[in-house]
Amino acid sequence: MASVALMRMVFDDDSSAAWNEMFSAPGRPRPIYERLFAELGRYQPSELRQRSEQLARTFTDRGVTFAHSGEERPFPLDVVPRLVGALEWDLLSRGIAQRVRALEAFLADVYGEGRVFDEGLIPRSVVTSSPHFCRAGVGTDPPNGVRIAVSGIDLVRDEEGRFRVLEDNVRIPSGVSYVIENRRAMTQTFASLFSDHRVHPVDAYPAHLFSALRSAAPPGVAEPVVVVLSPGVHNAAYFEHVLLARMMGVELVEGRDLLCRSNHVYMRTTNGERGVHVIYRRVDDDWLDPLQFRPDSVIGVAGLVNSARAGNVVIANGLGNGVADDKLVYTYVPSFIRFYLGEEPLIDNVETYRLSDPEVCADVLARLDAFVLKPVDGSGGKGIVIGSQADEETLAAVRDAIVTSPRNWVAQRPVALSTHPTLVGDQVRPRHIDLRPFAVNDGHDVWVLPGGLTRVALGEGELVVNSSRGGGSKDTWVLNDLAVPLRESPVGAGSLGRVAVASPRQNDAYAGRDSDQ
Amino acid sequence: MTSPHLSLTVRHHTGFTYDGLAKASYNEARMTPVSSAHQEVRHSHIAVLPLVPLSTHVDYFGTCVTAFDIQEPHTQLEVEARSTVESRAALVGDPLAWSELRDAVLVDFFSEYLHATSRTDLVGDALAPCAQWAHVADLHECVEAIGEYVRAHVRYEPGATTVSATAQEAWDRGEGVCQDITHVTLGLLRATGIPARYVSGYLYPSEEAEVGVAVAGQSHAWVEYFAGGWTGMDPTNGVRETERHIIVASGRDYDDVAPLKGVYQGPAASSLGVVVEMSRTH
């Protein structure tokens, strides 16, 4: 018998255009959610609240916090997990791996031959005008060809229930520590739920990452030394840097701990200097090497780029990856998949319009309220304007900005992000969610961590799913259970199809994402 | 021999002296001339004091870069480049028509050389004649007119500006060095729709000097514009690129070709000054 809290949620949500992750109709859970629904139904709202507080305590105890308005807070973990069926996950993980392979090929091409330009797939100027096009990095080709050791391809589920790629993050995607910590906290707090489900574990991530980083080492180095390079304790993702270094059993270093000498990189230790061969850097390009980029950077390592060029150290992720996750370049990614891989995209983009085309631009400017306007280079949801919800002043400002530099904006169809039952106060309420799966490329395979980070917008109708906007997350369970029927799942043919453009709704949700943190 | 021809040796000496001990110094020198259709580098060598290992690579713009780091405390950094170069004046071909220059494929290909950078950007009055230049049928004549316009408005005045000056600053002052005059010219060429790049190198002052006698040369800057092939023009001197111009590097602006750039830990540095000596070998 479902609790009052769950039933309440069911009826509140049936008017939304958004896809409901748990229910196919009021009171009718989708097959993969049947057991979870039954199990959660045994809890009274006050009990769920209690468990929720227990989860928060676990996080505070372990230091899983983020800085919000100068205060360290636990990243809210919701008590209701998000489930993904085995078949659907199979498609998603193949779609993500496909995307990563295409982006790898694109980056190698852009910093190499430039076939993609010669073939006219994308104007050269789109790439060379990106602030992330890294001329100083030309000639630092990684020995095993991997520039995207770690990626976070952000997905949303649209109104029809189809997953779409919202954006690519191939610079310094963060959040995987929450995936690991969410699972740890959930297994402690809700052991019984796990006994009813066969959930793919997530704790293999550090081993996969470590293996990929070792594979990236310069040739001829038998026992490569890998380090994690962090900007330091003030970085919002510092906890993640610590966690990954510890779980991989490698040193966590900051710029001042490293030294380049004659194009070799050394780590200063209490036992003297020690050679370093692979740097998993969590420092942006701009701050990475004061000789090449910002000379005022005190968190970088002078000489690092030339050391990489000389082949003595490998920087992961690669230099200049930002040209591949530029939001204008995003619009070309489906064509890259066809061009480089000879495959059809397994996961479609969200319909996105290039404002560099004067006709398209004029059309968009004429009805700004029908679009989401995104700066191509924005991160953390910064600068995103949801036309239907913006006031006149905001629309005028974005109009001016677009007219001034159409290259710097794209227009996207507003997608009503899917909703998922989420504990809000003492009630379970539908809240919009997205999904950031993490993929690790070791040069042979692109391995996708089962699940990923489901982010949830905690405010009602809240549009931006982001920790800096007070968002939370959900433990994401990929079920290792093919026996569960998927009769109502949109997996399969639908994923290859196209969806008609739906008219935007007043309260449609739109996710703005963090591209690098 | 179809065009004037020179064989030159160049000695380019530069560096810094510090108000105390400098250390952890990381540097890149772009002081090695590049071989091209009308310039052949016979020999080139870079020496650095204090003595440290050097590494070389070719950068995005095709420039030969010498990189080195100095860990030991030092009070002075000296870099000296010596080169022997055979140079001949480039033949100037028939220019493209404007319609060809505006072809979408070409515009995209050269977009980096058609967009202003923070160093070349000009606004306001300076750009007034751009529209009328675009009506000068012959591209070479058009560029010549632009060069004259720059010389009429920005006087060559050694020491007038610092190395970090922008085109707009030089325009507003009405004076500058060859670097500034080049930046202003680039700003105007690009605003007119002509792909143009910054060239750094040396200028041999006279063809009259005796063989084997070193004369004071200049570290110099000029432009190349695309008229079907890259074509050199020296706006500071109001001449085409000649056999006396030796090309070291090209890029979007000065920042892509700076002869010696670096970072270090330690007290303030002052430049040792730049010495360029050139002599004819025959």
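As given, the protein sequences belong to chains A and B, one line each in that order.
Position one of the first sequence corresponds to residue 3 (my numbering), numbered consecutively onward.
Position one of the second sequence corresponds to residue 9 (my numbering), numbered consecutively onward.
Just so you know, even glycine gets a beta-carbon here, dropped at the ideal spot from N, CA and C.
In this text, all values refer to a predicted model and were calculated from it rather than measured experimentally.
The alpha helix (DSSP H) enclosing residue i, as first and last residue numbers
i: residue 481 of chain A; result: Taken as a continuous stretch (DSSP letters only), residue 481 of chain A belongs to no alpha helix (DSSP H), as it is neither H nor E.
i: residue 108 of chain A; result: 88-112
i: residue 181 of chain A; result: 178-191
i: residue 404 of chain A; result: 394-406
i: residue 140 of chain B; result: 138-141
i: residue 247 of chain A; result: 240-250
i: residue 127 of chain A; result: 126-130
i: residue 37 of chain A; result: 36-42
i: residue 114 of chain B; result: 112-117
Start-to-end residues for the beta strand (DSSP E) that takes in residue i
i: residue 442 of chain A; result: 440-443
i: residue 239 of chain B; result: 238-242
i: residue 169 of chain A; result: 165-171
i: residue 120 of chain A; result: No beta strand (DSSP E) holds residue 120 of chain A; the alpha helix (DSSP H) holding it covers 117-120.
i: residue 107 of chain B; result: That residue, residue 107 of chain B, is in no beta strand (DSSP E); its alpha helix (DSSP H) goes 106-109.
i: residue 413 of chain A; result: 411-414
i: residue 158 of chain A; result: 152-159
i: residue 225 of chain A; result: Counting along the chain, residue 225 of chain A falls outside any beta strand (DSSP E), and DSSP gives it neither H nor E.
i: residue 456 of chain A; result: 456-458
Which residues DSSP lists as bridging residue i, in chain order
i: residue 291 of chain A; result: Bridge partners of residue 291 of chain A: none, in fact.
i: residue 268 of chain A; result: A:261 and A:277
i: residue 20 of chain B; result: B:89 and B:284
i: residue 14 of chain B; result: B:95
i: residue 52 of chain A; result: None; residue 52 of chain A has no bridge partner.
i: residue 253 of chain B; result: B:211
i: residue 78 of chain B; result: B:33
i: residue 291 of chain B; result: Given a span of 9 to 290 for chain B in the structure shown, any question on residue 291 of chain B remains unanswerable.
i: residue 309 of chain B; result: Outside the modelled stretch of chain B, which goes from 9 to 290, sits residue 309 of chain B, for which no answer is possible.
i: residue 67 of chain A; result: A:76
i: residue 269 of chain B; result: B:36
i: residue 278 of chain B; result: B:25
i: residue 64 of chain B; result: B:74
i: residue 421 of chain A; result: A:22 and A:434
i: residue 234 of chain B; result: B:238
i: residue 429 of chain A; result: A:426
CB contact below 7 angstroms: residue i versus chain C
i: residue 116 of chain B; result: Chain labels in this structure do not include chain C; the protein chains are A and B.
Where the region 293-321 of chain A meets chain B: residues whose CB sits under 8 angstroms from a CB there: Flagged, chain order: 293, 297, 304, 305, 308, 311 and 312.
Segments of 3+ residues assigned as beta strand (DSSP E) that fall wholly inside the region 301-378 of chain A: Secondary structure in the region 301-378 of chain A: the beta strand (DSSP E) runs of 3 residues or longer, each lying completely within the stretch, are 316-318, 354-356 and 374-377 in chain order.
Segments assigned alpha helix (DSSP H), at least 4 residues, entirely inside the region 150-209 of chain B: Taking only runs of at least 4 residues, the alpha helix (DSSP H) segments lying wholly in the region 150-209 of chain B are 175-181 and 186-200.
Near-chain A residues of the region 249-267 of chain B - C-beta to any C-beta below 7 angstroms: Residues of the region 249-267 of chain B with a Cβ closer than 7 angstroms to any Cβ of chain A: none.
Residues within the region 123-142 of chain A neighbouring chain B, beta-carbon criterion of under 8 angstroms: Here the close residues are 125, 126, 127, 130, 131, 137, 138, 140 and 141.
Three-pair Cβ contact test at 8 angstroms for the region 241-261 of chain B versus the region 52-64 of chain B: Fewer than three Cβ pairs drawn from the region 241-261 of chain B and the region 52-64 of chain B lie within less than 8 angstroms of each other, which leaves the two stretches out of contact.
Three or more C-beta pairs below 8 angstroms linking the region 189-208 of chain B and the region 122-134 of chain B: A contact exists between the region 189-208 of chain B and the region 122-134 of chain B.
Against chain B: residues of the region 254-287 of chain A by CB proximity under 7 angstroms: For the region 254-287 of chain A, which is checked against every Cβ of chain B, the residues closer than 7 angstroms are 262, 263, 264 and 265.
Ranges of the beta strand (DSSP E) found wholly within the region 196-220 of chain A, counting only runs of at least 3: If one requires a minimum length of 3 residues, no beta strand (DSSP E) run lies completely within the region 196-220 of chain A.
Any 3 or more C-beta pairs closer than 8 angstroms across the region 86-104 of chain A and the region 143-159 of chain A: With a cut-off of 8 angstroms on Cβ pairs, the region 86-104 of chain A is in contact with the region 143-159 of chain A, counting three or more such pairs.
Segment contact flag, the region 179-193 of chain B with the region 163-170 of chain B, C-beta cutoff 8 angstroms, min 3 pairs: Taking 8 angstroms as the limit for Cβ pairs, the verdict is that the region 163-170 of chain B does touch the region 179-193 of chain B.
Residues, ordered as in the chain, of the region 49-63 of chain B that lie near chain A by beta-carbon distance below 7 angstroms: Within the region 49-63 of chain B, the qualifying residues are 61 and 63.
Residues within the region 72-102 of chain B neighbouring chain A, beta-carbon criterion of under 7 angstroms: Of all residues in the region 72-102 of chain B, 75, 77 and 79 have a Cβ within less than 7 angstroms of some Cβ in chain A.
The region 316-323 of chain A contacting the region 331-344 of chain A, beta-carbon criterion three pairs below 8 angstroms: Short answer: they don't touch.
Interface positions of the region 181-209 of chain B facing chain A (Cβ-Cβ less than 9 angstroms), listed along the chain: Near chain A, meaning a CB-to-CB distance below 9 angstroms, no residue of the region 181-209 of chain B qualifies.
The region 323-332 of chain A / the region 407-424 of chain A touching (three or more Cβ pairs under 8 angstroms): Touching, per the Cβ criterion.
Any 3 or more C-beta pairs closer than 8 angstroms across the region 269-276 of chain B and the region 206-224 of chain B: These segments do not touch.
At least three beta-carbon pairs within less than 8 angstroms, the region 11-25 of chain B to the region 80-88 of chain B: Contact holds: three or more Cβ-Cβ distances are below 8 angstroms.
Segment contact flag, the region 187-205 of chain A with the region 73-88 of chain A, C-beta cutoff 8 angstroms, min 3 pairs: Because the criterion of three Cβ pairs below 8 angstroms is met, the region 187-205 of chain A and the region 73-88 of chain A touch.
Contact set between the region 16-32 of chain B and chain A, restricted to residues whose Cβ is under 9 angstroms from the partner: Per Cβ criterion, the list reads 32.
Cβ contact check for the region 299-307 of chain A and the region 239-257 of chain A: 3 or more pairs under 8 angstroms: Contact between the region 299-307 of chain A and the region 239-257 of chain A is present, because at least three Cβ pairs lie under 8 angstroms.
Meets three-Cβ-pair contact criterion under 8 angstroms: the region 193-204 of chain A and the region 37-48 of chain A: Of all C-beta pairs linking the region 193-204 of chain A to the region 37-48 of chain A, three or more are shorter than 8 angstroms, placing the two stretches in contact.
Positions along the region 32-45 of chain B whose CB lies within less than 8 angstroms of some CB in chain A: Correct list: 32, 34, 35 and 36.
Residues from the region 117-143 of chain B in contact with chain A, defined by Cβ distance under 8 angstroms: When CB distances to chain A are screened at a threshold of 8 angstroms, the residues of the region 117-143 of chain B falling below it are 117, 119, 120 and 123, in chain order.
At least 3 beta-carbon pairs within less than 8 angstroms: the region 227-239 of chain A vs the region 275-294 of chain A: Put simply, the region 227-239 of chain A touches the region 275-294 of chain A. At least three CB pairs are less than 8 angstroms apart.
Members of the region 213-240 of chain B near chain A, C-beta cut-off 9 angstroms: Here the close residues number zero.
Touch test, the region 347-355 of chain A against the region 385-393 of chain A, Cβ-Cβ under 8 angstroms, three pairs minimum: Between the region 347-355 of chain A and the region 385-393 of chain A, the count of Cβ pairs shorter than 8 angstroms is below three; the stretches do not touch.
Inter-stretch contact at 8 angstroms, needing at least 3 Cβ pairs: the region 69-85 of chain B / the region 32-49 of chain B: Between the region 69-85 of chain B and the region 32-49 of chain B, the count of C-beta pairs closer than 8 angstroms reaches three or more; the two stretches touch.
Stretch pair the region 132-145 of chain B + the region 91-101 of chain B: three plus CB contacts closer than 8 angstroms: Touching, no, given that fewer than three Cβ pairs across the two stretches are closer than 8 angstroms.
contact_flag[the region 428-446 of chain A, the region 46-57 of chain A] where n(CB pairs < 8 angstroms) is 3 or more: Judged by Cβ distances under 8 angstroms, the region 428-446 of chain A makes contact with the region 46-57 of chain A, as three or more pairs qualify.
Stretch pair the region 240-250 of chain B + the region 225-232 of chain B: three plus CB contacts closer than 8 angstroms: With the cut-off at 8 angstroms, the region 240-250 of chain B and the region 225-232 of chain B touch.
contact_flag[the region 21-30 of chain A, the region 414-424 of chain A] where n(CB pairs < 8 angstroms) is 3 or more: These segments touch.
The region 108-124 of chain A / the region 173-181 of chain A touching (three or more Cβ pairs under 8 angstroms): Contact fails: fewer than three Cβ-Cβ distances are below 8 angstroms.
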